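Quick notes on the structure that follows.
The structure is reproduced here in structure tokens:
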């Protein structure tokens, strides 16, 4: 056995064919008892049991996956052992590749259609049965061979699907007609041939439509330029392939060009169109130090940037990976279709058998012919393909639509639950606010000056990544305050930071940190309340055990926040603000933007507990945050929403990521969830209604009343139309307004 790194666990030659596996456990079980394993005994395998030639698999060298059953994976193209659906490449590429399945099915369809026309004419005239046999044989046995392959695989793997019914229906009609052609009985080659051609047509239409569901990923991949203009160490410039760009390289981006990778601007300024990433149409102004995203479009200005993320680490690459993963995830509503499908095929076979028996015993002459036609019609019209496609197609298109609007859905379950959310818990800093606080006031005490208070605080905070610390350090830089080195710095979660500056003990933090040290705060009570009533966060600066002063920091509320809050209220969503800030400061902010409830002075570890309490009260909770300390609450919530401007930990923990990083993305996610779930329900209705109405009619229940019988050829057309209608309906999601 040859081990194939990255793409497969291994391959194994057996009886002249090569089987590819992505699970080492499956390889071991296969080697122990190949025949038993291929019959699907001893548990369901994690990879398709579809043999393919050694050359085909090796040439492909790419992992293919079933969109309906993501656990079914193999090297090279093939079909799913569970549902019979053609596999798709696991990793999307921008290049237009020939779909071998589509090419094969198209060729088989056209040959079947050309041969079926004379069969249909002869069948309607009831003439030349042997000529019909000669023409029908290549249609059914060659053109329809992939259908029989999949039917046989479904039986061997104990996973009945639409191809099981198609194989039984067309096979029965062909075998009966083959015998009848030599015995003088009526033949029904036209039914077998027309059904085969219609099913092949359905496969062609389905494969073409499915290729359009990946349009969102291809659009994202199309943003990436092929080359970058690199500035060499000798100051010369050259265009290099994107894969040759490394972290730290200096790149020049000229007006109108696509930005090659993620990085920061070193020289120049411009406005950048980030609409394909964020969904926001207004260009974003970028100056020195500003972050730029690979794939976005530079405006009229030119600049030099430093590459900071390349290859798979760029934001665009991560978005593509997340979208592809989400498109293959399964929504809880899919379980309904799975349960129905598990029982559906056996029930249909029983109904077809009963129809055959009843018509053979009680039907009009020729009884056997009527019994055969009605049984075949039941098998064909009941194909559950539309039922299986109903949910996955909508999920694939919906997730792709969200990605183009800056709403990244990590899994289908989050997309389904978002529609039901009634409570939104939001972190204040970076979510409701800009996340870029600034120093608004300094109140010195104990005879110290404002510059002294700022110097002590900024010297201690200069190594911190906290937004409030950054505001203090920036303010010191703007005022050209000379800072000192800090030592023995220790952060106290939810309270502040302590350490040594110029051999003096310094502490900067909230009220809890000061009270913990038993420091009298009477002298600063009034100025503290004034600052808090203005919505400022108050930081206390303590030097050698005495209160040196106060620093008031304010984080501007995002421009879009008030309107978004109003729109969320219209959606009947209750909004709860979580913050570690003092209650008065938090309530001042809440009053400005009409927040329903405030949970202030909440320590990081208590955020998840607040979410849990809301859930225990019967609420379906979404949590939106952007910091490392938000990660437990994001994981606890029914739907975790991370701001794309936040930390990687928050983004990895959340179910939904908003690239732009403001609350408008939550509204987009809500609209997308509602539209997708409505689309899924429409698809399920279409799939069920075809079968609920079609099966009784195909069985002949209308014959005693109006003398109506459903020809198997019409049943085949209806089956094809049901699948195409479901896919077409799912594709409408691409035009959803978010």
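Numbering (this note's numbering), first residue to last: 5 to 742. Note that beta-carbon positions come from the ideal geometry of N, C-alpha and C, so glycine has one too. Just so we're clear, the structure is a prediction, and the values are computed from it rather than from any experiment.
CB of residue i within 7 Å of CB of residue j, strictly
i, j, result
"residue 660", "residue 645", "yes"
"residue 381", "residue 371", "no"
"residue 678", "residue 520", "no"
"residue 278", "residue 300", "yes"
"residue 555", "residue 446", "yes"
"residue 582", "residue 616", "no"
"residue 406", "residue 413", "yes"
"residue 243", "residue 319", "no"
"residue 209", "residue 728", "yes"
"residue 411", "residue 672", "yes"
"residue 448", "residue 471", "no"
"residue 132", "residue 126", "yes"
"residue 480", "residue 545", "no"
"residue 523", "residue 487", "no"
Residues of its chain near residue i, where Cβ-Cβ distance is below 6 Å and the 5 sequence neighbours each way are ignored
i, result
"residue 736", "none"
"residue 549", "none"
"residue 4", "No answer is possible for residue 4: it lies beyond the span of the chain, which begins at 5 and ends at 742."
"residue 513", "499 and 500"
"residue 619", "625"
"residue 294", "269"
"residue 695", "386"
"residue 181", "191, 192 and 193"
"residue 485", "455, 458 and 459"
Under the three-state DSSP convention, the category residue i falls into
i, result
"residue 368", "coil"
"residue 112", "helix"
"residue 639", "helix"
"residue 644", "strand"
"residue 548", "coil"
"residue 598", "coil"
"residue 126", "helix"
"residue 581", "strand"
"residue 245", "strand"
"residue 678", "helix"
"residue 275", "strand"
"residue 166", "helix"
"residue 1", "Here the chain has residues from 5 to 742 only, and residue 1 is not among them."
"residue 254", "strand"
Distance, residue j Cα to residue i Cα
i, j, result
"residue 699", "residue 357", "13 Å"
"residue 658", "residue 247", "30 Å"
"residue 498", "residue 463", "20 Å"
"residue 245", "residue 291", "26 Å"
"residue 185", "residue 191", "6 Å"
"residue 205", "residue 419", "32 Å"
"residue 666", "residue 254", "31 Å"
"residue 651", "residue 634", "Caution applies to residue 651, whose pLDDT of 47 falls short of 50 and renders its modelled position unreliable; the value that the coordinates give is listed next. Whole-angstrom Cα-Cα distance: 10 Å."
"residue 476", "residue 458", "7 Å"
"residue 201", "residue 637", "55 Å"
"residue 562", "residue 438", "5 Å"
"residue 135", "residue 124", "12 Å"
"residue 152", "residue 69", "21 Å"
"residue 175", "residue 196", "8 Å"
"residue 313", "residue 302", "18 Å"
"residue 596", "residue 539", "9 Å"
"residue 231", "residue 264", "7 Å"
"residue 164", "residue 111", "27 Å"
"residue 734", "residue 689", "13 Å"
"residue 704", "residue 691", "21 Å"
"residue 718", "residue 377", "11 Å"
"residue 687", "residue 474", "51 Å"
"residue 577", "residue 425", "7 Å"
"residue 579", "residue 317", "34 Å"
"residue 93", "residue 241", "37 Å"
Same chain only: Cβ atoms within 7 Å of residue i, ignoring 5 sequence neighbours per side
i, result
"residue 536", "542, 586, 588, 589 and 592"
"residue 337", "395, 420 and 684"
"residue 211", "90, 103, 105, 106 and 109"
"residue 145", "none"
"residue 199", "173, 174, 384, 716, 717 and 720"
Spatial neighbours of residue i in its chain, beta-carbon cut-off 8 Å, leaving aside the 5 residues before and after
i, result
"residue 490", "463, 464, 466, 467, 503, 504, 505 and 510"
"residue 598", "566, 569, 570 and 573"
"residue 533", "588"
heavy atom of the ligand MG below 6 Å from residue i C-beta
i, result
"residue 436", "The ligand MG is not part of this structure, which contains no ligands at all."
- Continuous alpha helix (DSSP H) assignments of at least 4 residues falling wholly in the segment 386 to 440: 389 to 408 and 416 to 421
- Query: For the segment 451 to 535, which segments carrying the alpha helix (DSSP H) assignment without a break, of at least 4 residues, lie completely within its bounds, in sequence order?
  - Reply: 454 to 465, 471 to 482 and 515 to 520
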